[in-house]
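For the record, the sequence lines run as chains A and B.
Residue 547, in the working numbering, is where the first sequence stops; the numbers in between run on with no holes.
Residue 394, in the working numbering, is where the second sequence stops; the numbers in between run on with no holes.
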Amino acid sequence: MSDLAPMISIVIPTHNRCGSLQRTLDALQAQRYPAERMEIIVVADGCRDDTLPMLRSYHAACPLQIVESGGNSAASARNRGAASACGPIVLFLDDDVEPRPTLVAAHAQAHGARPGQVVLGPSLPLPIGRRGYFHQRTRFWWDEKFRELGAPGHRFTYQDLLSGNLSLDRATFTRFGGFDTALGTAREDYEFGLRLIKAGIPFHYVPEALADHHEHETGNLDSSLRRVRHEGRSDVLIGQRHPEVVCTLALSFWRPGARRRQRLLQWLVFHAPDLGDRLAAGLGRQLPLLERAGLREQWGRLHNQLRLYWYWRGVAEEAGTPARLIALLREGAARAPRGPITCAINLAAGVEVAEHRLDTERPAAAHLWYISGTLRRHIGVLPEQPGAEPWRGAHLRPYLARHLAPPFLKALAEAGAIHPAPPEWQQRLTGAIERMERWYGPARAHELWWEQYSQWARLDAEQIAEV
Amino acid sequence: MAIAVLDLDMDRLPPFIAGLERYTAALILLRLHGVPVGQALLPVVAGRLGGDDLRLGLLEAADSAFWEAWLRSYLGERPAPIDPAQLPRATVAVCTRDRTEDLARCLAALMALPDDGQEVLVVDNAPATTATRDLVARYPRVRYVREDRPGLNNARNRALREASGAVVAFTDDDAAPDPLWLRTLLRNFDDPLVMCATGLTMALELETSAQITFQRYGALTRGFKRIVFDNAWHDPLLGWQAGAGANMALRRVVTDCVGPFDPALDAGTPTRAGGDGDMFRRILHAGYRIVYDPQALSWHRHRRSWEALRAQLFGYEVAGFGILTRTLFFEGDLNAIRHAKQWLGREWYQLHQALRRRPGSTPASIVLDRFRGAALGPVLYLKSYWQTRKG
Chain A
81 MSDLAPMISI
91 VIPTHNRCGS
101 LQRTLDALQA
111 QRYPAERMEI
121 IVVADGCRDD
131 TLPMLRSYHA
141 ACPLQIVESG
151 GNSAASARNR
161 GAASACGPIV
171 LFLDDDVEPR
181 PTLVAAHAQA
191 HGARPGQVVL
201 GPSLPLPIGR
211 RGYFHQRTRF
221 WWDEKFRELG
231 APGHRFTYQD
241 LLSGNLSLDR
251 ATFTRFGGFD
261 TALGTAREDY
271 EFGLRLIKAG
281 IPFHYVPEAL
291 ADHHEHETGN
301 LDSSLRRVRH
311 EGRSDVLIGQ
321 RHPEVVCTLA
331 LSFWRPGARR
341 RQRLLQWLVF
351 HAPDLGDRLA
361 AGLGRQLPLL
371 ERAGLREQWG
381 RLHNQLRLYW
391 YWRGVAEEAG
401 TPARLIALLR
411 EGAARAPRGP
421 ITCAINLAAG
431 VEVAEHRLDT
441 ERPAAAHLWY
451 ISGTLRRHIG
461 VLPEQPGAEP
471 WRGAHLRPYL
481 ARHLAPPFLK
491 ALAEAGAIHP
501 APPEWQQRLT
511 GAIERMERWY
521 GPARAHELWW
531 EQYSQWARLD
541 AEQIAEV
Chain B
4 MAIAVLDLDM
14 DRLPPFIAGL
24 ERYTAALILL
34 RLHGVPVGQA
44 LLPVVAGRLG
54 GDDLRLGLLE
64 AADSAFWEAW
74 LRSYLGERPA
84 PIDPAQLPRA
94 TVAVCTRDRT
104 EDLARCLAAL
114 MALPDDGQEV
124 LVVDNAPATT
134 ATRDLVARYP
144 RVRYVREDRP
154 GLNNARNRAL
164 REASGAVVAF
174 TDDDAAPDPL
184 WLRTLLRNFD
194 DPLVMCATGL
204 TMALELETSA
214 QITFQRYGAL
224 TRGFKRIVFD
234 NAWHDPLLGW
244 QAGAGANMAL
254 RRVVTDCVGP
264 FDPALDAGTP
274 TRAGGDGDMF
284 RRILHAGYRI
294 VYDPQALSWH
304 RHRRSWEALR
314 AQLFGYEVAG
324 FGILTRTLFF
334 EGDLNAIRHA
344 KQWLGREWYQ
354 LHQALRRRPG
364 STPASIVLDR
374 FRGAALGPVL
384 YLKSYWQTRK
394 G
């Protein structure tokens, strides 16, 4: 294997997390991958704890390079680490993830199978019961993120690129200039992902490249709110560099002075940030009280408000004035996709044929039709989404089942593909599909019984009609 | 008036179904490729189902879950077979009390499960006779345990202690699980955070108006779509929505993680119900997950008499407010107040509808029973609590 196994350079930026880093290093010693085909580069970014002595005395089975940097940001630390790498493939790991033994081999194998791609691995929160609203919600976010990435036919967007467990060709990384250090500590991975997606570099998610994420040790409510502020700043920078994705950023929801609460928020972040920060800090102190009283709904609302405040605080900080923010939004609106959709696909020819066309044409958007004989039905659109990969054949079936099922089913019914029966009976089928459309899709917990109730009500109506 | 209950596979549909003269309508479990995927309700006309075209009639009445499954199948997706070797070892536990007629049907259904090495345990709860023991003696594969402290939750706790499997699947004695019930429940434990899996419970028969009322009430059915309940979006006090104790499986370690079933709750105590919902609440509260997997199918014989139904619905509210009492006074959780207020608003509306005899509304006697149950809930919970402390 080792002749074929590529050299993997593992880059770990770290900042004052000695114990956590050591756990990551220990896990890298237990990989099912030849140690002589691995090197580890730890970039100690302004560490003032025991990290450096620990690293110097650490006995690793593979070469371990220590790079010191001045505590600028994880983005610049990753760039420096990659610059010191020797192997053709760089694997970025965060210092709070603990790789499972198959991680490095899974990354290497994915690159062997399809060279030139970006390989994403899951960093799943440790599966232990957790109390506390904040930790439960954070874990849910991570779990959902990776569940979506692993779902069949997932269409990748730039927001899928997370730098905690990521590998790609070193040449590609260098060619694209690495992470943008101006973004600092938030969303520099998204921005890098955006440049890759725009250049057509394929993303690939490998569930076997699994790491346990000890995010409950390294994150807390305060740090997450600080992070949201950085995200606001980064979103402005991303919007300035790539105006076409402004419509995918949270800041695009800005409506000048729409409602009273929003007007207050806008005034605070742009004109009285000191007052706003004091208010937010005071409200933030209520969260533990609400949690102790079990008031989860109120906690959730306040938490959302605080996140909103800190996000806009970051946006205002970076944009400077409302006028500059509005200019950014105008620019984004002007660049939003609205071109005519030139690709039209007929599903009546068979789903395989449609998939093949998507695979060969890779359109940004497409019209779906069902045209058979005199029947001519528009099923819907595979929409253009800035910052997402072009459509592939594999996206089609899940998208049809999830988003376009009722019109597609109706067209199938009219074509006699569901139940061969006289045409006048097919209307009974399309009527039934229209009735169930309201309930189609994932279950909504507050409506668990409603569809059954509607079935019973329909039965009652039919029986009354008979009498 | 009675409603026929049918179990039909769309792949193997007979040309017509007749001879249902006794029934006015039919509740049909719809399967696709053998897997339960949805339900349909159809009138029965002159003993015949679905008019001139049974298949079309069923398609017309099918729910959204059926159509979703149909489309996925049309798009080439097939249900993934369950590999029994990948499943955790399980114990099936039946908690029972002097109901041998039902228990015999339940045991017969359990003997029809494929043998993956599961243990079958009958917990006989404070029996008045030896009938249960005698019945179980006829099944060499079934283990008999007697729990003398009355109360369903005492029996459940005993089952968790006695079980040898890593997962304990509970079925009520008045239920009859489908052959693939256990395997389907167990497949959900591949996520280590899943502490509990629940399944779909359909009506075994709808012969009396009490049974039909209960089915229309929807109490044991949670629809045909899989749901992963997580505290991040689901309020633990609504944990009871995740399923019912007649069809649930728990990891045996659940007692270490969130504690045992509350012996002051459920059948055999003044609170009458709620042991399952309280357990679901605590599982979610502790940050674990519950999966509702509607393909884990079981058939339940609802109470036949009107009196028994009223007692049951009364008991649900007693238990609901018992749990709120426990949450508010024993755990200091003010969220319980909000739930009580919401309950009041909802039931007030129901009462209003019932008194004005709106079509499809619940009979006023039942709504009033629910009010009575809610009012007595806190008192009965405290009474039950002191009884268990003393006992």
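Quick reminder that beta carbons are idealized off the backbone N, C-alpha and C, glycines included.
Since the structure is predicted, the reported quantities are computational estimates derived from the model, not experimental observations.
When you compare only the Cα positions, how much space is there between B/ILE286 and A/ASN426?
Between B/ILE286 and A/ASN426, the alpha-carbon positions lie close to 49 Å from each other.
Cβ contact check for the region 144 to 152 of chain B and the region 232 to 245 of chain B: 3 or more pairs under 8 Å
Flag = no, the region 144 to 152 of chain B and the region 232 to 245 of chain B do not touch.
By DSSP, does A/CYS127 sit in helix, in strand, or in coil?
Three-state DSSP puts A/CYS127 in coil, outside helix and strand.
Candidates A/ARG482, A/VAL461 and A/VAL395, of which the one nearest A/GLY521 by Cα:
With distances taken between Cα atoms, A/GLY521 lies closest to A/ARG482.
I need the straight-line Cα distance from A/ILE498 to A/GLN507, nearest angstrom please.
Approximately 12 Å between the Cα atoms of the pair.
Who are the neighbours of B/ALA289 on chain A, taking C-beta pairs under 7 Å?
Chain A residues near B/ALA289: GLY209 and ARG211.
On the DSSP bridge assignment, give the partners of B/ARG146 in chain order.
Answer by DSSP bridge pairing, in chain order: B/LEU124.
Give me whichever residues DSSP pairs with B/ASP12 in a beta bridge.
In DSSP, B/ASP12 forms a bridge with B/ARG34.
Same chain, Cβ closer than 6 Å to A/ILE421, five either side skipped, listed in chain order
Non-local beta-carbon contacts of A/ILE421 in its own chain, meaning distances under 6 Å to residues more than five positions away in sequence, involve ALA445 and HIS447 in chain order.
In the DSSP output, what is B/TYR295 paired with across the bridge?
Its beta-bridge partners are B/THR201 and B/ILE230.
Keeping to the same chain, check which residues put their C-beta closer than 6 Å to that of B/ALA131; ignore five residues upstream and five downstream.
So the list reads ASP101, once near-sequence residues are dropped.
Closest by C-alpha distance to B/ASP279, when choosing among B/ALA49, B/TYR26 and B/THR174
The shortest C-alpha separation from B/ASP279 is found at B/THR174.
Starting from A/TYR113 and walking both ways along the beta strand (DSSP E), at which residues does that stretch end?
Element bounds for A/TYR113: n/a, residue is neither H nor E.
Give me the Cα-Cα distance between B/CYS395 and B/ARG34, rounded to the nearest whole angstrom.
With chain B running from 4 to 394 in the structure shown, residue 395 of chain B is simply not present.
Boundaries of the beta strand (DSSP E) in which A/ILE459 is found, first to last residue:
Taken as a continuous stretch (DSSP letters only), the beta strand (DSSP E) holding A/ILE459 covers 455 to 462.
Assign A/LEU263 to one of two classes, buried (16 or more other C-beta atoms within 10 Å of its C-beta) or exposed (fewer than that).
With 16 or more other Cβ atoms inside 10 Å of its own Cβ, A/LEU263 counts as buried.
Does DSSP classify B/GLY271 as helix, strand or coil?
Here B/GLY271 sits in coil by DSSP.
Inter-residue Cα distance where the pair is A/ILE90 and A/VAL170:
Rounded to the nearest angstrom, the two C-alpha atoms are 6 Å apart.
Where A/ASP540 meets chain E, residues with beta-carbon distance less than 9 Å:
Within the model displayed, chain E is absent; protein chains A and B are what it includes.
A/ILE121 and A/ASP175: beta carbons closer than 7 Å?
Result no, Cβ atoms of A/ILE121 and A/ASP175 do not sit closer than 7 Å.
Tell me whether the region 237 to 248 of chain A and the region 266 to 273 of chain A touch, counting them as touching only if at least three CB pairs, one residue from each stretch, are closer than 8 Å.
The region 237 to 248 of chain A, when compared against the region 266 to 273 of chain A, does touch it at the 8 Å Cβ threshold.
Supposed close pair A/ALA85, A/ALA188 - CB separation, criterion 8 Å:
At roughly 6 Å, the Cβ-Cβ gap stays under 8 Å, so A/ALA85 and A/ALA188 are in contact.
Give me, in chain order, the residues of the same chain whose beta-carbon lies closer than 6 Å to that of B/ASN160; leave out the 5 immediate sequence neighbours on both sides.
PRO263 and PHE264.
Is A/SER82 helix, strand or coil by DSSP?
Note that A/SER82 scores 42 on pLDDT, short of 50, meaning its location in the model is unreliable; the coordinates nonetheless yield the value given after this. Of the three classes helix, strand and coil, the one that applies to A/SER82 here is coil, per DSSP.
Compare the C-beta of B/TRP70 with all C-beta atoms of chain A and state if any pair is closer than 7 Å.
Closer than 7 Å: yes.
From A/GLU546 to B/ARG58, what distance separates their C-alpha atoms?
Their backbone Cα atoms lie some 21 Å apart in a straight line.
State yes or no: is the C-beta of A/GLY394 within less than 7 Å of the C-beta of A/ALA289?
For the pair A/GLY394 and A/ALA289, the CB atoms are not nearer than the 7 Å cut-off.
When DSSP labels each residue in this structure, what does B/THR211 get in the three-state scheme?
It is coil, neither helix nor strand.
Among residues of its own chain, excluding the 5 on either side of A/GLY230, which ones have a beta-carbon nearer than 7 Å to its beta-carbon?
Within the same chain, TYR285 and PRO287 come within 7 Å of A/GLY230 by CB-CB distance, once the 5 residues on both sides are set aside.
With a cut-off of 8 Å, do at least 3 Cβ pairs link the region 342 to 359 of chain A to the region 314 to 329 of chain B?
No: fewer than three Cβ pairs fall under 8 Å.
Considering only DSSP beta bridges, list what B/GLN2 is partnered with.
In this structure chain B extends from 4 to 394, so residue 2 of chain B is not present and cannot be described.
Pick from B/LEU300, B/LEU106 and B/ALA65: whose alpha carbon is nearest that of B/GLN42?
When each option's Cα is compared against that of B/GLN42, the closest is B/ALA65.
Other residues of its chain near B/PRO182: CB distance less than 7 Å, five sequence neighbours each side excluded:
For B/PRO182, where only same-chain residues beyond five positions count, the Cβ hits under 7 Å are ALA115, LEU116 and PRO117.
For the 8 Å Cβ check, are there 3 or more pairs between the region 308 to 315 of chain A and the region 204 to 222 of chain A?
In short, these stretches do not touch, since the Cβ pair count stays below three.
Can you check whether the C-beta of B/GLY226 is within less than 7 Å of a C-beta belonging to chain A?
At a cut-off of 7 Å between C-beta atoms, B/GLY226 counts as an interface residue with respect to chain A.
Rounded separation between A/PRO402 and A/LEU348 - CA only
So the two alpha carbons sit approximately 12 Å from each other.
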